[in-house]
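Worksheet for the structure shown next.
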Amino acid sequence: MKQPNRLINEKSPYLKMHAYNPVDWYPWSEEAFEKAIKENKPVFLSIGYSSCHWCHVMEKESFEDEEIASFLNKHFVSIKVDKEERPDIDSLYMEYCILLNNSGGWPLSVFLTPTKEPFFAGTYFPKASFLKLLNQIKDLWDKDSKNIIEKSKRLVEQLKQFMNSFEKKELNENFIDRALFGLANRYDEEFGGFSESHKSATVPKFPSLHNILFLLKSQKQPFQNMALSTLLNMRRGGIWDHVGGGFHRYSTDRYWLLPHFEKMLYDQAMAILAYSEAYRLTKSEIFKDTVYKTINFVKENLYENGFFYTSMDADTEGEEGGFYLWTYEEIKDILKEKADKFIEFFNIKKEGNFLDEAKRVYTGKNVLYAKEPTLLFEDELQTLKAFREKRKKPLVDDKILLDQNAMMDWALIEAYLVFEEQEFIDMATKNLLLISQYPLQHALNHNKFIEPMLDDYAYLIKAYLSLYKTTFSKEHLEKAISLTKETMEKLWDKNSGGFYLSVGEDVLIPQKPLYDGAIPSGNSVMGLNLVELFFITKEDVYENRYEILSSIYSDMLSRNPTACSFFMTSFLLFKKGYQLLLSMPISKAQERVKELYKHYLPNIVPYHEESSEEKFIACKDYTCLSPVKSVDELIKTISL
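Numbering (the working numbering), first residue to last: 80 to 719.
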């Protein structure tokens, strides 16, 4: 019978997956590094997450292999980290990996000195090359560990300077156009989406839905059309689960055809925000349908007892995407006389359309890929869903992470304002109430207290600000203000400005994340929070902090105008947006804000003051327009 290692006592489902590996894993702990110091051994750090396909592949090939486990146990101290549990650790060593290799990803494989300095990094290694690498590193360490340690310490000092040095300059409105045209240069006119090599069939394509939000909120039609086309192409593609709703992580090709099948809570939240915004602009039913089906997927699979879970695995019983794929014969048998039209419309082939990513051969299985976005075939899709429910479901990672729960609350509240669906706001307010009953922490259902990090604060503040503009309850505004004050006290860099990701003493270098990657960075979200709080309260502290933050962003945006598109959303609001006072009874204000959402007015921040009369006062650049008494009059006034 297999004996468990130390990971058996961890809460993370990802760490528990490795609890019966023959590798003598440690969680990230001082105990592990003390052992490495005492025995003068290098540290092998492996970082991943539970729904990551290639993490599973490396576990099966290498970490369950007795020869590799024996070598690791003899010559290394091995540490496993769940990247979602400790994003600060992941962020630091991923930055090193990208600097070293010009690329990164998961599983992240890093070799450290006993005092945590990295000296080599990569991602997935097949078994043979991994064993060869382990031997090489062991030999190097045995021959010259002193030199490796000295070089690594110098490198860490250089990393500190690189990661936290910014040439501050004023961010001006030209940066908005530079970001818009930068995205336009990377836009795939045929299939939507954005990438450096958008004409290459095999370059992966990521949703990056913060790009979509920025383009839509620009209110410039050519850029809005790019966003809408991308959303429609994603909806027809294999990245969209036509049967069960929700989006997979990303597409492995230009066409949105073949996805990596994990489903992340944060991707669903960003999709709800982007498709709700698109519906506000167009009133197209396909966007509304996408929002409703995405929320339904979350409710059925990632929601329990008022909390949201983190992700759903890519693999089922060792097969990537097995839960989602169909053979030609299955479709014929299940749909019977309705099969032929369905097969033609959804690109179902006898030889399959699903390409094995490693072997580059067709597997005989199919992912549904529609000719065009459609609301048709609903009965057939429901029939397939009923059949699919009999299959073994992918594993759900049941971590309850504060940042991702708050992000989903923000998305649900925005969807409520657009669609006036009471269930959406009920789910969000229930979740926020439950969160408030816990001490503020990164993981709510954990056996160890993990200090809240920047993203936890940023997304929770954003959720409360969205709830405020829905209810105009002073309680929600005060909660946002209180959390912002705490974030500024704990995480603001008092010397250079900007927010640190965490202040964990066990992390080698404090990081200040600016780049908007899979989701908007904590600094970008805090940027939007600061602008909204300034517009609502008119307090200089928020404007001053935002201006310092924007001066830090100017350095990165000078080099890469599209790197921080969500921050540019806040800058667009700061430069071109309106403060909108709803001076009226609070019950009227709650009605009028929903009326406002029926129009496309993306760069307005509503706030409320109690009054027996009913009027709207829009202000911009310290100048207020004449009061008006209806939404229609307001639209005419701010359109002049």
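Note that the Cβ used here is the ideal one computed from N, Cα and C, for glycine as well.
Please read these numbers as outputs of a predicted model, since none were measured by experiment.
Burial state of residue i, where buried means 16 or more other Cβ atoms lie within 10 Å
{"i": "C703", "result": "exposed"}
{"i": "T281", "result": "exposed"}
{"i": "E89", "result": "buried"}
{"i": "M80", "result": "exposed"}
{"i": "R233", "result": "exposed"}
{"i": "L455", "result": "exposed"}
{"i": "R359", "result": "buried"}
{"i": "R638", "result": "exposed"}
{"i": "F209", "result": "buried"}
{"i": "Q347", "result": "buried"}
{"i": "G596", "result": "exposed"}
{"i": "D476", "result": "buried"}
{"i": "V377", "result": "buried"}
{"i": "L660", "result": "buried"}
{"i": "Y701", "result": "exposed"}
{"i": "K645", "result": "First, the residue type needs correcting, since residue 645 is Phe and not Lys in the sequence shown. Per the 10 Å Cβ criterion, buried."}
{"i": "N574", "result": "exposed"}
{"i": "N290", "result": "buried"}
Length of the line joining the Cα atoms of residue i and residue j
{"i": "E383", "j": "K509", "result": "11 Å"}
{"i": "H154", "j": "K120", "result": "6 Å"}
{"i": "W405", "j": "Q303", "result": "35 Å"}
{"i": "D144", "j": "P106", "result": "20 Å"}
{"i": "S355", "j": "L307", "result": "12 Å"}
{"i": "N608", "j": "A537", "result": "8 Å"}
{"i": "S108", "j": "K429", "result": "52 Å"}
{"i": "N226", "j": "L480", "result": "40 Å"}
{"i": "V102", "j": "L151", "result": "7 Å"}
{"i": "G317", "j": "L352", "result": "20 Å"}
{"i": "R333", "j": "L675", "result": "37 Å"}
{"i": "K411", "j": "K464", "result": "15 Å"}
{"i": "F123", "j": "F112", "result": "11 Å"}
{"i": "L171", "j": "K541", "result": "25 Å"}
{"i": "A697", "j": "Y679", "result": "16 Å"}
{"i": "F190", "j": "Q501", "result": "51 Å"}
{"i": "W220", "j": "Y621", "result": "50 Å"}
{"i": "I422", "j": "P685", "result": "48 Å"}
{"i": "S705", "j": "I714", "result": "12 Å"}
{"i": "V604", "j": "E416", "result": "51 Å"}
{"i": "K162", "j": "S561", "result": "28 Å"}
{"i": "I504", "j": "P83", "result": "43 Å"}
{"i": "E457", "j": "G601", "result": "39 Å"}
{"i": "M635", "j": "T389", "result": "30 Å"}
{"i": "L295", "j": "L250", "result": "21 Å"}
When the options are compared against residue i, the one with the closest alpha-carbon
{"i": "H555", "options": "L544, K564, E565", "result": "L544"}
{"i": "E196", "options": "C643, L238, I514, L580", "result": "L238"}
{"i": "P205", "options": "F150, K247, W133", "result": "W133"}
{"i": "E398", "options": "K420, N100, S130", "result": "S130"}
{"i": "Y448", "options": "N312, K708, I87, L587", "result": "N312"}
{"i": "T453", "options": "I365, D394, M567, I291", "result": "I365"}
{"i": "R624", "options": "S208, W571, E530, T389", "result": "W571"}
{"i": "L546", "options": "I598, G576, V672, K469", "result": "V672"}
{"i": "A357", "options": "H327, R328, Q300, W335", "result": "Q300"}
{"i": "P338", "options": "I665, Y403, F386", "result": "Y403"}
{"i": "S375", "options": "I422, F421, L491, F424", "result": "The question names Ser, yet the displayed sequence has Asn at residue 375. Ranking I422, F421, L491, F424 by Cα distance to N375 puts L491 first."}
{"i": "Q461", "options": "D595, M349, G431, G324", "result": "G324"}
{"i": "I183", "options": "N682, I216, G127", "result": "What sits at residue 183 in the sequence shown is Gly, not Ile. Per the Cα distances, G127."}
{"i": "E252", "options": "A507, E584, S297, A393", "result": "S297"}
{"i": "R314", "options": "E118, L187, S363", "result": "S363"}
{"i": "S157", "options": "I529, R165, I147", "result": "I147"}
{"i": "P765", "options": "T389, I529, I228, F285", "result": "Only positions 80 to 719 of the chain appear in the structure, and residue 765 is not among them; the question remains open."}
{"i": "S188", "options": "G272, S141, D218", "result": "S141"}
{"i": "G272", "options": "T331, K211, D223", "result": "T331"}
{"i": "N432", "options": "D223, Y407, T549, K284", "result": "Y407"}
Integer-rounded CB distance, given that residue j should sit under 8 Å from residue i
{"i": "D169", "j": "V160", "result": "7 Å"}
{"i": "F746", "j": "H687", "result": "In the structure as shown, the chain begins at 80 and stops at 719. Residue 746 is therefore absent and cannot be evaluated."}
{"i": "L533", "j": "G576", "result": "About 14 Å separates the two Cβ atoms, so there is no contact after all."}
{"i": "W335", "j": "F326", "result": "Actually they do not touch by this definition, with Cβ atoms about 10 Å apart."}
{"i": "F466", "j": "I413", "result": "5 Å"}
{"i": "M305", "j": "K342", "result": "25 Å between Cβ atoms; not a contact."}
Q: Would you check if there are 3 or more beta carbon pairs closer than 8 Å linking the stretch 176-187 to the stretch 200-209?
A: yes
Q: Determine, using beta-carbon pairs with one atom in the stretch 434-454 and one in the stretch 478-489, whether at least three such pairs fall under 8 Å.
A: no
Q) Any chance the stretch 608-623 sits against the stretch 636-656, with 3 or more Cβ pairs inside 8 Å? A) yes
Q.
Three or more C-beta pairs under 8 Å: does that hold for the stretch 582-594 against the stretch 242-254?
A. yes
Q) Are the stretch 580-588 and the stretch 254-265 in contact at 8 Å, needing three or more beta carbon pairs? A) no
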